[in-house]
Every structure is written in structure tokens, then in C-alpha cells.
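Colleague:
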Ligand SMILES: Cc1ncc(COP(=O)(O)O)c(C=O)c1O
């Protein structure tokens with residue numbers, strides 16, 4: 093079966109009620125018929141569910157679907173994207189290890205790598221996503237993991253996954269890819285050599301801005317370590333959120349096609365707008381890694397970024413002039429969302445820190461929704477015009 097079909101057809105075993113849609117297993121723990129069955133479950137001699145911090149049928153359905161979509165051997169689901177990222181670090185890295193990543197990662201991921209990992213003796217180096225020729229030289233003897241986001245949030249930097257997969261194999265380093273922006277509907281990093289794929293399921297996987305969730309899938313031996321870490325430390329996804337996310341996967345590929353179509357239309361329309369210094373979208377020939385994007389992504393995804401002329405104040409005026417797009421910190425929703433990082437999420441950083449993470453004063457990120465593209469274009473264009 094094709095992955096889109098599996099995302100619809102993989103389902104928890106039907107109960108005696110003969111339900112068509114998977115029921116919600118809202119239970120903390122599971123019962124056993126006798127002491128021997130319980131002993132065997134605790135001894136890992138059976139797959140019986142024990143406790144929802146370890147496993148739950150709703151979580152397992154979501155894991156099975158994500159493994160089918162990403163082409164992964166195994167997975168684990170967590171309460172948020174950040175707990176998935178954190179678990180993938182804590183389960184696999186130890187004091188004395190080094191992680192190679194880049195400044196082009198989500199803000200909280202940067203905080204974990206730069207602020208918290210050093211507390212446990214794990215060091216890092218940031219390489220430039222736009223200078224792949226520098227990456228190999230930055231791999232150290234103790235480098236254990238390479239962690240990248242492609243496309244990155246919010247800069248939409250892209251890195252060649254086939255090349256990075258080969259580099260990671262050559263140096264026996266774990267390649268961990270945050271696939272949040274593309275989703276497996278548009279890009280499957282394992283096919284290019286990644287060992288692990290992490291997700292904020294809060295974004296496109298939910299797709300309607302309702303629940304938080306995180307997913308990590310990949311090599312069985314690595315997932316086993318992550319499972320062991322999570323089973324004891326407790327970042328488990330709630331069964332309710334797993335149920336919502338599993339249902340959402342049924343429409344992921346359709347939604348990602350429409351997000352990408354709408355975003356491409358908006359990007360093509362705005363790319364020559366005189367009020368913008370530049371505009372970035374993976375599937376525009378002007379994107380610095382357009383050729384790589386075409387090779388490894390089926391479509392460009394739903395996020396575009398642009399730089400408004402006029403700095404921070406212009407960005408604030410633009411947000412105020414929007415009539416339909418939502419002002420909110422999320423992305424990957426059916427509803428179009430606009431954010432201005434310099435005056436909001438990254439406002440506490442110094443100018444130098446903002447520039448180092450690619451947050452220029454007039455940078456605007458649009459998460460293009462599923463509304464009719466005419467309405468999206470009209471709202472963004474009128475807001476650019478009225479922010480002058
Ligand atoms: C690329 C990326 N990774 C991870 C996260 C963290 O996910 P969550 O908010 O679900 O913890 C985000 C959130 O915006 C993200 O954009």
C-alpha cells in the first residue's frame with residue numbers, strides 16, 4: 093500500500109463493538125488476566141500494554157502511521173515537539189559527546205543545544221547551512237550526532253540530505269533531521285540517509301492548531317534507547333492527543349498539497365513586490381538551494397518568509413494592517429498566520445544575536461493556510477500596502 097493509503101488504513105484492532113473509527117483509549121493503565129501474563133509483560137516477553145507512560149493503543153496507531161509515512165523501523169510519540177527533540181538528545185548523547193548542528197534551528201532547540209546540553213558536558217558546533225563545504229572539517233572525534241532542520245524555521249534554509257546522509261555514515265555519526273516544515277508528505281529524510289526523524293506534530297501533522305505533540309521515528313536500536321529514556325522520564329503523549337493526531341494524518345498529504353499550492357501562488361505573486369527587499373520560498377528559482385529543494389522535496393510546503401522594507405516598525409504596522417490572517421505563534425494551521433519574529437518571539441535578543449540567527453528587522457513569516465488563495469493574496473497585499 094502507498095504511504096497515503098497507510099496513513100488512512102492503519103488502524104488499531106477493532107473491538108467487539110465493531111467500530112469503524114478508532115476508539116479513544118483514555119486509560120492510565122491496562123489490566124492482566126493473571127500474574128503470569130503480568131510478569132511476562134514486565135519482562136518484555138509480550139507486547140501487552142502496561143501503563144500509558146510506556147505505550148497506549150492510540151499512541152501506537154500514530155507511531156505505526158508515522159513509521160509507514162517516513163519509511164522508519166520504529167518510533168515513539170511525546171507530549172510536544174520539544175520533548176521529542178530533547179529525548180532524542182538525552183537518550184543518545186552522554187557527557188564528553190559533541191553535536192554538530194546549525195544556527196538555523198528553531199529557537200527552543202537552540203536553547204537546549206547551547207544552554208542546557210553543556211550542563212551535562214555535551215558540546216556543540218554550529219555550521220552554516222549555506223556552506224556545506226565547511227561541515228566535514230567541523231566533525232570531531234567525539235561528534236555523536238548531526239542535527240538539522242530542513243527547511244529551517246524561520247529562515248527556510250535547506251541542506252542536501254543525500255550529501256549529509258553520506259557524510260554522517262562516513263564518520264559513523266547519527267543523522268537526526270527535524271522534518272517539521274516539510275512533513276513526510278513532501279520529504280522523507282530516511283530515504284536520503286537520516287537515522288532519526290523528529291517532528292513537532294503540533295504543526296502540520298495536527299494541521300488545525302488544536303493539540304501539542306512530538307514524534308521521533310527511525311532506526312530500531314536508536315528508538316529503543318529513546319523509548320527506555322522516555323518510559324522512565326515521562327514525556328508521553330496523551331491518548332487524546334494521539335487520537336487527534338492519528339486522525340489528522342488521514343488528510344496530511346491532501347493538506348500539504350494545498351498548503352504548497354497556496355504558498356507557491358503567494359510567493360510568485362509577491363516576489364516582485366517593490367515593498368519587499370527579498371522573499372524566500374523553497375520552490376522559487378531565487379531560493380539559494382532551489383535545486384536541492386527540487387531534488388528532495390515533492391512540493392515547497394506552506395511557509396514563506398520575506399523582508400519588508402522599513403525594519404521593525406514596518407513589520408509591526410504590517411501585522412496591524414492584516415484583516416484575515418491570524419497573529420499567533422503557531423504555524424501549519426488551516427488558517428493563514430503571520431508572525432514578525434523581531435518584535436515578538438525574538439524581541440528579547442540583541443540585534444547581533446538576531447542577525448546571527450537570521451532574524452532581520454523586517455522579516456515576516458507567513459504560514460499559508462487552506463483558505464481560498466485569492467483571499468490570502470488580497471489580505472497580505474493590502475497589509476503590505478497599508479503598512480507603508
Ligand atoms: C522546526 C520546529 N521544531 C520543533 C518545534 C517545537 O515543537 P513544539 O512547539 O511542539 O514543542 C517547533 C515549534 O515551532 C518547530 O517549528
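Numbering (the working numbering), first residue to last: 93 to 480.
All C-beta atoms in this analysis are idealised placements derived from N, C-alpha and C, irrespective of residue type, glycine included.
From a predicted model like this one, the values you see are computed outputs, not experimental measurements.
1. Quick check on the DSSP output: what are the complete beta strand (DSSP E) runs of length 3 or more inside the region 130-156, in order along the chain?
2. Could you tell me the boundaries of the beta strand (DSSP E) in which residue 292 lies?
3. For residue 174, which residues from the same chain have a beta carbon less than 6 Å from its beta carbon, with the 5 sequence-adjacent residues on both sides left out?
4. Counting along the chain, where does the alpha helix (DSSP H) carrying residue 430 start and finish?
5. State the DSSP-derived secondary structure class of residue 393, mapped to helix, strand or coil.
6. Spatial neighbours of residue 182 within its chain, please: C-beta separation below 7 Å, excluding the five flanking residues on both sides.
7. Report, in whole angstroms, the separation of the C-beta atoms of residue 230 and residue 240, which I expect to be a contact under 8 Å.
8. Residue 241: beta carbon under 7 Å from a heavy atom of ligand 1?
9. Give me the Cβ distance between residue 258 and residue 251, rounded to the nearest whole Å; I'm assuming they're in contact under 8 Å.
10. Measure the C-alpha to C-alpha separation of residue 115 and residue 392 and round it to an integer number of angstroms.
11. Only counting the same chain, and skipping five residues up and downstream in sequence, which positions put a Cβ closer than 6 Å to that of residue 148?
12. Rounded to the nearest angstrom, how far is the Cβ of residue 337 from that of residue 293, given a contact under 8 Å?
13. Any heavy atom of ligand 1 closer than 7 Å to the Cβ of residue 270?
14. At a cut-off of 7 Å, is residue 207 close to ligand 1 when judged by its beta-carbon and the heavy atoms of the ligand?
15. The alpha helix (DSSP H) with residue 410 in it runs from where to where?
16. For the candidate residues 361, 423 and 154, whose alpha-carbon lies nearest to that of residue 299?
17. So what's residue 169 in DSSP terms, helix, strand or just coil?
18. Over the uninterrupted alpha helix (DSSP H) stretch that includes residue 60, give me the two end residues.
19. Residue 383 to residue 225, Cα distance in whole Å?
20. Distance check for residue 194 and residue 221, CA to CA, integer angstroms please.
21. Which two residues bound the contiguous alpha helix (DSSP H) that contains residue 336?
22. For residue 420, decide whether its Cβ has a neighbour in chain D, counting only Cβ atoms nearer than 8 Å.
23. For residue 154, verify whether its CB is less than 7 Å away from any heavy atom of ligand 1.
24. As a quick exercise: from 104, 120, 143 and 137, pick the residue whose alpha carbon is nearest that of residue 323.
25. If we count the other Cβ atoms within 10 Å of its Cβ and call it buried at 16 or more, is residue 419 buried or exposed?
26. Quick one: Cα of residue 211 to Cα of residue 190, how far?
27. How long is the line joining the alpha carbons of residue 227 and residue 219, rounded to whole angstroms?
28. According to the neighbour-count rule (16 or more other Cβ atoms, all chains shown, within 10 Å of its Cβ), is residue 370 buried or exposed?
Modeller: Judging by the given coordinates:
1. none
2. 288-292
3. 200
4. Where residue 430 is concerned, there is no enclosing alpha helix (DSSP H), although the beta strand (DSSP E) it sits in stretches over 429-431.
5. coil
6. 321
7. Not quite, the Cβ-Cβ distance comes to about 13 Å (not below 8 Å), so this is no contact.
8. yes
9. No, residue 258 and residue 251 are not in contact; Cβ-Cβ is about 12 Å, not under 8 Å.
10. 35 Å
11. 117 and 331
12. 5 Å
13. yes
14. no
15. 403-413
16. 423
17. strand
18. Residue 60 lies beyond the residue range present for the chain, which begins at 93 and ends at 480; the question has no answer from this structure.
19. 17 Å
20. 7 Å
21. 331-341
22. Although the question refers to chain D, the structure presented lacks it and comprises just one protein chain.
23. no
24. 143
25. exposed
26. 13 Å
27. 6 Å
28. exposed
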